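Student:
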Amino acid sequence: MEFSKELGHAVSRRGFLKGALVGAGALSLSSRLALAEALVTGKRPLTMDDIQGNGVMKGIVQISANENPLGASPRAIEAVAQHMFEMNRYSFGTRLPFMLHKLHGIALGDFNLANLDFDNPASFRALREKLRIMISAGSGPILQTIGLMTVGDGTGEVIEAQPGYGQVAMVTESFKMTGAKTNVIRVPLTTDYKHDLNAMLKAITPKTTCVTITNPNNPTGTLISHDDLTKFIDAVPPTVMVFIDEAYIHFAQEPNYKDGIDLALSRENVIVARTFSKIYGLAGMRIGYAIAGPKMLGKLMLYSGFGGGLSVLSDAAATAAIEDDDFVGRSKKVVADGKNYLYSEFKAMGLEYIPSHTNFMMVDLKRNSQEVVRELRKRRVMIRSGMGQWNMPNFIRVSIGTQEELEVFISTLKDVLGQKTVG
Ligand SMILES: Cc1ncc(COP(=O)(O)O)c(C=O)c1O
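Here the numbering used here is used: the first residue of the sequence shown is 8, the next is one more, and so on.
(1) For a test of the three-state rule: what should DSSP assign to Val-243, helix, strand or coil?
(2) From Leu-321 to Leu-289, what distance separates their C-alpha atoms?
(3) From Val-423 to Leu-383, what distance separates their C-alpha atoms?
(4) Using DSSP with H/G/I as helix, E/B as strand and the rest coil, what is Tyr-255?
(5) Whose C-alpha, out of Leu-53, Tyr-360, Met-184, is nearest the C-alpha of Pro-226?
(6) Count the other CB atoms, across all protein chains shown, that sit within 10 Å of the CB of Met-207; report buried if there are 16 or more and exposed otherwise.
(7) Can you give the Cα-Cα distance for Met-156 and Lys-306, rounded to whole angstroms?
(8) Quick one: using the 10 Å Cβ neighbour count with 16 as the cut-off for buried, is Ser-351 buried or exposed?
(9) Rounded to the nearest angstrom, what separates Leu-270 and Ser-406 at their Cα positions?
(10) What's the call for Ala-86, buried or exposed, on a 16-neighbour Cβ count within 10 Å?
(11) Give a yes or no on whether the minimum CB-CB distance between Lys-238 and chain B is below 7 Å.
(12) Do you know offhand how far Tyr-264's Cα is from Leu-413's?
(13) In whole angstroms, what is the alpha-carbon distance linking Phe-258 and Tyr-172?
(14) Go ahead and label Thr-205 buried or exposed: buried means 16 or more other beta carbons lie within 10 angstroms of its beta carbon, across all protein chains shown.
(15) Among the candidates Asp-344, Lys-137, Ala-280, Thr-189, whose CA atom is the shortest distance from the CA of Glu-411?
(16) What do you reckon, is the C-beta of Ala-254 under 6 Å from a heavy atom of ligand 1?
(17) What does DSSP give as the partner residue(s) for Gly-315 in the beta ladder?
(18) Pick from Met-308, Gly-408, Ser-418, Thr-215: whose alpha carbon is nearest that of Asn-73?
(19) Taking the C-alpha atoms as reference points, what is the distance between Met-303 and Ile-294?
(20) By a C-beta neighbour count over all protein chains shown, 10 Å radius and 16 as the cutoff for buried, is Arg-132 buried or exposed?
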């Protein structure tokens with residue numbers, strides 16, 4: 008962006024230069040250097056004033072919650088507008104489960120939605136026997152339900168990677184409040200921040216009811232290959248449920264990467280969860296789903312009240328988004344480009360990072376990250392510290408924003424770390 012264009016003709020460059028440098032007295036050294044450089048070259052880095060993220064207030068860089076920086080699928084927005092006068096209705100007759108079966112190539116045999124007889128329970132039973140997908144208000148409630156399922160008679164035991172997303176383990180652990188004798192085993196990641204599948208296998212005890220795998224992992228963004236996942240699942244006793252959370256699977260940057268859906272369909276003890284929150288940009292609409300064989304799906308439905316049902320608007324949004332290949336492609340691209348930009352910036356700054364298969368990444372600041380996160384927040388840049396639950400106190404987790412958001416994040420981070428901003 009041209010500095011002179013912004014200023015218009017009213018202020019001469021020289022006069023502005025003088026005034027700006029005097030006025031910059033209150034700024035940090037790195038900010039003043041950046042300003043001086045901007046004045047000399049006629050260019051300046053983007054600032055907060057330039058930022059208007061999608062779905063967020065102007066002047067805030069919101070890159071803490073792994074949301075889609077492009078906004079929502081335009082087709083979903085259009086569909087919501089079209090259906091907004093139907094808020095008084097339930098979303099009976101949704102086509103979403105059928106579309107999802109088709110999307111994942113799951114056959115529904117000769118079942119035809121048009122033949123569903125609402126007055127005949129046998130008609131619903133026939134459908135349920137064929138269904139392999141349960142829709143839910145976000146995938147978070149599915150994770151909650153997995154936690155409930157694993158607690159069972161009050162003695163359930165969950166194995167989860169550390170650091171990992173942690174929700175299933177947290178639910179299971181929370182049952183201790185009720186006097187339940189539940190147990191959680193947290194298995195450290197390998198030194199390259201991947202799931203240690205061998206150690207997770209070894210950790211299984213006769214009490215273990217569930218192993219949770221987040222693939223790719225949150226917060227480290229690391230990916231397990233389909234081969235390794237298959238071998239792992241085959242080695243887990245069939246009485247132990249294996250839950251695979253694929254919230255970020257669309258962002259896996261591995262040519263021909265195969266997801267775990269076939270494992271959920273071919274093994275009685277495997278459940279896969281997916282969400283519309285990330286790739287389709289529908290976090291605020293709360294839509295997710297689980298894929299499993301009939302036994303596990305039946306149990307999930309029982310514990311979750313059939314997934315709780317979707318709102319008419321969420322249903323409309325998801326039904327439209329699922330066919331928006333253009334948006335899916337753009338979402339993948341903005342994330343891949345954003346990661347490449349961050350990789351090169353972090354390299355130039357001498358910071359180590361964990362290469363990521365998700366729409367976020369972790370960076371080692373080699374100092375307490377909580378203070379840095381606080382300073383960034385004061386400057387209206389929202390990211391997460393690896394401190395606390397993840398026990399990675401020197402790391403920050405940065406979600407991939409738009410190019411503008413990432414540029415402002417980088418220049419603000421440099422400012423906070425006392426490094427010079429290059430315009
Ligand atoms: C690994 C993982 N699983 C599940 C969720 C829950 O997502 P949602 O409830 O929006 O589908 C998240 C949210 O960020 C996540 O990171």
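Quick reminder that beta carbons are idealized off the backbone N, C-alpha and C, glycines included.
Just so we're clear, the structure is a prediction, and the values are computed from it rather than from any experiment.
Tutor: On the basis of the supplied data:
(1) coil
(2) Looking at the sequence itself, residue 321 is Ser, so the reference to Leu does not match. Distance between the alpha carbons of Ser-321 and Leu-289 is about 8 Å.
(3) 7 Å
(4) coil
(5) Tyr-360
(6) buried
(7) 8 Å
(8) exposed
(9) 29 Å
(10) buried
(11) In the displayed structure, chain B is absent; only one protein chain is listed.
(12) 27 Å
(13) 17 Å
(14) The sequence shown places Asn at residue 205, not Thr. When all chains shown are included, Asn-205 counts as exposed.
(15) Asp-344
(16) yes
(17) For Gly-315, which the question treats as bridged, DSSP gives no partner whatsoever.
(18) Gly-408
(19) 20 Å
(20) exposed
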